[in-house]
Amino acid sequence: MGPHPAVAAIRLAVRRVLHDILIQHAPGSADLPRDVPHDPPPPPPPPLVLVACSGGADSMALASALAFEAPKLGIRAGGITVDHGLQSGSDLRADEVVGRLVDLGLTPTESIAVTVGRDGGPEAAARDARYAALDAAARRHGACAILLGHTRDDQAETVLLGLARGSGIRSLSGMAAVSGAGGRYRRPFLQLDRQTARKACMAQSLPVWDDPHNADPAYTRSRLRHEGLPALEKALGKGVVEALARTAQLSRDDADALDVWAGQAEASVRDAAGLLECAKLYALPPAVRRRILRRAAIEAGAPAGSLFARHIEEVDRLITGWRGQGAINLPGKVVAQRQGGRLVIRQG
């Protein structure tokens with residue numbers, strides 16, 4: 056008799072991701088002279104994959120699947136939990152999570168305490184602190200990838216949050232299955248729902264911790280999860296989560312294609328001095344032109360996380376609605392202005 060269907064589903068999802076990691080990180084064969092004797096090079100150490108685990112059902116299911124699948128593929132598997140310090144006793148809970156990861160056979164395991172700032176609101180600040188800690192852990196342990204337990208439900212919530220911000224197609228594309236420097240972050244569960252992960256934990260008798268912040272209406276994502284999505288399903292019928300996740304993938308495909316187009320078009324709209332020519336920008340489709348403007352603003356020093364659609368729209372009007380208006384102030388003390396038919400974007 057095989058494993059519970061939910062357990063089989065999470066293991067298959069993780070196995071596929073681990074296969075991709077092995078292919079990506081397979082050592083290339085060196086071109087050695089055939090007529091010169093040589094010792095074979097020493098085999099490289101097995102790759103290390105970490106799982107980011109909060110102790111919740113999603114990440115515990117992910118940790119258990121990694122612990123089961125990695126040894127069969129010759130991959131070392133470890134675990135990291137991040138203590139945000141936002142609740143009383145969070146350090147003790149982090150130690151408990153480390154103990155559960157050790158019980159699963161994961162090594163190395165580590166608890167990392169972080170200080171959460173205030174920039175961008177509590178959710179964004181916690182996310183920034185968490186990813187900074189995970190990046191540092193990957194470098195410290197020499198890990199080639201970190202698995203994250205985001206599910207299809209998380210993806211649907213992310214799409215709706217992007218829709219509410221009016222941030223454009225890239226925001227509607229949600230979370231990528233592979234992201235981060237060198238494809239460090241992998242999300243095996245984006246095609247699985249939250250209930251599958253919870254059922255897998257129950258089937259394996261895995262203890263889980265339900266973060267009270269996930270049910271706190273003070274947080275936007277919590278309100279969306281417990282009020283917004285149920286209301287949408289009541290009004291539109293079942294299948295809303297699946298449809299939103301599908302929208303994310305379609306939007307990501309479109310956004311990726313437009314990014315490539317913008318990258319190829321950028322060189323053609325710059326003059327010999329590297330300045331953007333307004334007439335040539337005007338001739339481009341708006342979606343392509345605005346991507347070029349956004350990239351130019353970021354290269355000039357505007358923080359990507361603080362650069363919103365409304366900022367780019369104002370810069371775009373220097374191209375499409377030129378009436379002699381003055382400079383546009385952007386985040387990061389960057390200024391955009393039109394001078395002699397050229398668009399100049401630089402630190403003010």
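Under this note's numbering, the first residue of the sequence shown is numbered 56, with each subsequent residue one higher. Here a beta-carbon is modelled for each residue, glycine too, at the ideal position from N, C-alpha and C.
Q: Below 6 angstroms CB to CB, which residues in the same chain sit around SER228 once its five sequence neighbours on both sides are set aside?
A: ALA303, SER306, ARG307, ALA310
Q.
Rounding to the nearest angstrom, what Cα-Cα distance links ALA132 and GLU165 in this structure?
A. Distance between the alpha carbons of ALA132 and GLU165 is about 12 angstroms.
Q: Would you mind stating whether ALA168 and ASP146 have Cβ atoms separated by less than 8 angstroms?
A: yes
Q: Classify ASP138 as helix, strand or coil using the three-state DSSP reduction.
A: Judged by DSSP in its simplified three-state form, ASP138 adopts strand.
Q) How close, in whole Å, do the beta carbons of ALA317 and ARG346 come, if the pair is a contact with beta carbons under 8 angstroms? A) 4 angstroms
Q | Collapsed DSSP secondary structure at VAL390 in the structure displayed | A | strand
Q. Grouping DSSP H, G and I as helix and E and B as strand, with all else coil, what is SER143?
A. coil
Q | Exposed unless 16 or more other CB atoms sit within 10 angstroms - verdict on ILE78 | A | Within a 10 Å sphere around the beta-carbon of ILE78 sit fewer than 16 other beta-carbons, which makes this residue exposed.
Q: Compute the Euclidean distance between the alpha carbons of PRO99 and ILE76, then round it to the nearest angstrom.
A: 15 angstroms
Q | Nearest to SER119 (by Cα), restricted to the options ALA300, THR162, GLN142 | A | Looking at the Cα atoms, THR162 is the closest of the given residues.
Q) Cβ of HIS366 within 8 angstroms of Cβ of LEU385? A) yes
Q: Kindly give me the distance between the Cβ atoms of LEU73 and ALA125, rounded to whole angstroms, as I take these residues to be in contact under 8 angstroms.
A: 6 angstroms
Q | Closest Cα partner of GLY111 within the set VAL296, VAL137, VAL104, ASP94 | A | Comparing C-alpha distances from GLY111 to each of VAL296, VAL137, VAL104, ASP94 shows the shortest one belongs to VAL137.
Q) What whole-angstrom Cβ distance do ILE374 and ARG401 have, given they're in contact under 8 angstroms? A) Actually they are not in contact, since the Cβ atoms of ILE374 and ARG401 sit about 17 angstroms apart, beyond 8 angstroms.
**Q.** Neighbourhood of ILE224 by C-beta distance below 7 angstroms, restricted to the same chain and skipping five residues each side
**A.** Result list for ILE224: SER306, ASP309, ALA310, in chain order.
Q. Start and end of the beta strand (DSSP E) containing ALA168?
A. 164-168
Q: Just tell me which of ARG239, GLY176, SER143 has its CA closest to the CA of PRO102.
A: ARG239
Q) How many angstroms separate the CA atom of SER84 from the CA atom of TRP377? A) For SER84, the predicted model reports a pLDDT of 45, less than 50, meaning its position is unreliable; a value from the coordinates is still stated below. Distance between the alpha carbons of SER84 and TRP377: 57 angstroms.
**Q.** Segment limits, beta strand (DSSP E) that includes LEU373
**A.** From DSSP, LEU373 is part of no beta strand (DSSP E) but of the alpha helix (DSSP H) over 364-375.
Q: Please look up how many angstroms separate the CB atoms of VAL296 and ASP248, rounded, as I've assumed it's under 8 angstroms.
A: 7 angstroms
Q. If you count every other CB in all the chains shown that lies within 10 Å of the CB of ASP265, and 16 or more means buried, which is it?
A. By the Cβ neighbour-count rule, ASP265 is exposed, with fewer than 16 other Cβ atoms within 10 Å of its own.
Q: List the whole-angstrom C-beta distance separating ALA252 from LEU189, where the pair is believed to meet the contact cut-off of C-beta under 8 angstroms.
A: With a Cβ gap of about 20 angstroms, ALA252 and LEU189 do not count as contacting.
(Q) For a test of the three-state rule: what should DSSP assign to GLY318, helix, strand or coil? (A) For GLY318, the secondary structure class from DSSP, reduced to helix, strand or coil, is helix.
Q. Using a Cβ-Cβ cut-off of 8 angstroms (strictly less than) and excluding sequence neighbours within five positions of ASP174, which residues of its own chain qualify?
A. ALA180, ASP183
Q) Could you give the distance in angstroms between the alpha-carbon of VAL153 and the alpha-carbon of MET115? A) 11 angstroms
Q: List the whole-angstrom C-beta distance separating PRO285 from VAL69, where the pair is believed to meet the contact cut-off of C-beta under 8 angstroms.
A: Their Cβ separation, rounded to whole angstroms, is 29 angstroms, which puts PRO285 and VAL69 out of contact at 8 angstroms.
Q. At what residues does the alpha helix (DSSP H) containing ALA252 begin and finish?
A. 249-258
Q. Going by DSSP, what residues sit across from SER234 in a beta bridge?
A. Beta-bridge partners of SER234 (DSSP): TYR240.
Q. With DSSP run on the structure shown, which of helix, strand or coil describes LEU313?
A. helix
Q | C-alpha distance - SER277 paired with ALA290, whole-angstrom precision | A | 19 angstroms
Q: Determine the contact status of ALA300 and ARG207, defining contact as a CB-CB distance below 8 angstroms.
A: yes
Q) For VAL324, is the classification buried or exposed, using 16 other Cβ atoms within 10 angstroms of its Cβ as the cut-off for buried? A) Buried.
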